Amino acid sequence: MERESISPFQLFLLVMLFELGSAVVVPLGLDAKQDAWIAILLALVPAVGLIWLYSFLHRRYPNRTLIGTLQTLLGKPTGWTVGLLYVTYFMYIATRVLRDFAELLDASFFPQTPMMIETVLMVFSIAYVVSLGIDVIAKTGQIFACLYLLSLLVAVLLLLFSGAVEMESLQPVAEDWKRIFEAAFPVVYTFPFGEMIVFTMLFPYVRPKSNVMGTAIGAMVLSGLVISLVVATEIAALGANIVSRGSFPLLTTIAKVNIADFIQRVEVLALLILIVGLFFKIALFFYAALIGAAELFRRKSHQPLVLPFSIILILLSMMIAGNLPEHIQEGLKAVPWYLHLPMQTGLPVLLSIIALIRGRSRKAGV
């Protein structure tokens, strides 16, 4: 493992940026209609248990990434193979988030600019930061987290003061609990909360290690509350039907800001929020894939892998879907069931069971 470190505070900010990332870009939990914000809070409860699970594995093997833990618990051949699956998974999700970014710019701000150019510029920016290591990613996150959260707060306040928010749109509250549960599980549970699996690659870098679990859970819970607030604001401003039909509801919502015909056209604020969040989400998945591959192939540094992996990331993002509806449909309907659940919950549960059995065997002197 490369010798770098981040502080618990930096971990907190990275989790915030990561969780908010693409969760405020696409419609989230809208199968629950006006109760989407409740579905997000509901999914947050088992997600806390998921972080406890990841932290349990980290406490058992504090100096090992997920890749190292896999090889320790499953043996070299099996652990190496499953580790390669996780590297592929991290790259795939980075590709999906990158496509979110390209579709966002293409649909809303730069429709005449080729998507490839937008993608290449974003990837090269990410590649530069990632090549410098997790400490630079974390320090960059410290700077942009303040800007991000301030912009998000200003956007919500502008909407409230502009009179665009109508609380009646959130009525009736908790109308259909079956629908709320179906919206929460597995979609919101796995996206964005279950994607915290990526931090099993970063926990070993945290110094001091006194309260990694508490830091991660605190940041995720706060992020969940913010996401719920953003979704509730979108529904109150636009109505559940419009939000569910839109590709990028936050942009549409902020476009409604108009205070005394003076403060208006503040979509650039939304653009800033979305680009910063997506940047760090892609960067963390990309970095996890790089250090995972470096560990699997016994490279001393992830830096030689940055360029080839960047090219792969760009090409895959262009090929991953034919259009925006197909991309969103795949991401919210297929991926949670067939990819997220096994990788985020199934395998970590299996690893935890094996770790417990091994621990008891050692205590029994077997």
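Its first residue numbered 29, the sequence shown is counted upward by one per residue in our numbering.
Every residue gets a Cβ at the ideal spot worked out from N, C-alpha and C, and that includes glycine.
Here the structure is a predicted model, which is why all the values come from computation and not from measurement.
Collapsed DSSP secondary structure at residue i in the structure displayed
i       : result
Asn-286 : strand
Val-53  : coil
Gln-199 : coil
Ile-385 : helix
Gln-292 : strand
Val-157 : helix
Val-193 : coil
Ile-348 : coil
Cβ separation of residue i and residue j, assumed to be a contact under 8 Å, to the nearest whole Å
i       : j       : result
Val-151 : Leu-180 : Not really, about 25 Å apart at Cβ, beyond 8 Å.
Thr-123 : Leu-344 : 4 Å
Thr-106 : Gly-320 : Wrong, their Cβ atoms sit about 16 Å apart, outside the cutoff.
Gly-305 : Leu-48  : 5 Å
Leu-45  : Phe-308 : 4 Å
Leu-318 : Phe-337 : 6 Å
Val-43  : Leu-278 : Rounded, the Cβ-Cβ distance is 20 Å, inconsistent with contact.
Thr-280 : His-86  : Going by Cβ atoms, the distance from Thr-280 to His-86 rounds to 40 Å, so no, they are not a contact pair.
Ala-260 : Leu-198 : 6 Å
Ile-79  : Ile-245 : 5 Å
Leu-39  : Val-234 : 5 Å
Ser-272 : Leu-352 : Wrong, their Cβ atoms sit about 15 Å apart, outside the cutoff.
Leu-297 : Ala-183 : 5 Å
Ala-75  : Tyr-217 : 6 Å
Ser-159 : Val-334 : 5 Å
Ala-316 : Leu-101 : About 19 Å; that fails the 8 Å criterion.
Ile-291 : Ala-51  : About 26 Å; that fails the 8 Å criterion.
Val-226 : Pro-364 : No, Val-226 and Pro-364 are not in contact; Cβ-Cβ is about 16 Å, not under 8 Å.
Exposed unless 16 or more other CB atoms sit within 10 angstroms - verdict on residue i
i       : result
Ser-238 : exposed
Thr-109 : exposed
Trp-65  : buried
Tyr-366 : exposed
Ala-130 : buried
Gly-57  : buried
Met-224 : buried
Pro-90  : exposed
Tyr-156 : exposed
Thr-97  : buried
Ala-192 : buried
Thr-147 : buried
Asp-204 : exposed
Gln-140 : exposed
Ser-83  : buried
Pro-376 : buried
Gly-77  : exposed
Gly-242 : exposed
Ile-121 : buried
Phe-119 : Strictly speaking, residue 119 in this sequence is Met, with Phe absent from that position. Met-119 should be labelled buried.
Met-248 : buried
Ser-329 : exposed
Gly-222 : buried
Lys-61  : buried
Ala-268 : buried
Gly-350 : exposed
Ile-154 : buried
Ala-135 : exposed
Phe-219 : buried
Gln-357 : exposed
Cβ of residue i within 7 Å of any chain C Cβ
i       : result
Arg-124 : Among the chains in the structure shown there is no chain C, since it carries only a single protein chain.
Given 8 Å, three or more beta-carbon pairs between the stretch 182-193 and the stretch 370-386: Counting Cβ pairs under 8 Å, fewer than three are found: no touch.
Sufficient close CB pairs (3 or more, under 8 Å) joining the stretch 207-219 to the stretch 71-79: The answer is yes - the stretch 71-79 touches the stretch 207-219, with three or more Cβ pairs under 8 Å.
Three or more C-beta pairs below 8 Å linking the stretch 264-271 and the stretch 153-165: Touching, no.
Whole alpha helix (DSSP H) elements within the stretch 61-128, 4-residue minimum: Within the stretch 61-128, the alpha helix (DSSP H) runs of at least 4 residues that lie entirely inside it are, in chain order, 64-88 and 94-102.
Minimum length 4: unbroken alpha helix (DSSP H) runs contained in the stretch 294-339: Listed in chain order, the alpha helix (DSSP H) runs fully inside the stretch 294-339 are 295-324, counting runs of at least 4 residues.
Entirely enclosed alpha helix (DSSP H) segments - the stretch 253-282, minimum 4 residues: The stretch 253-282 contains these whole alpha helix (DSSP H) runs: 268-273 and 277-282.
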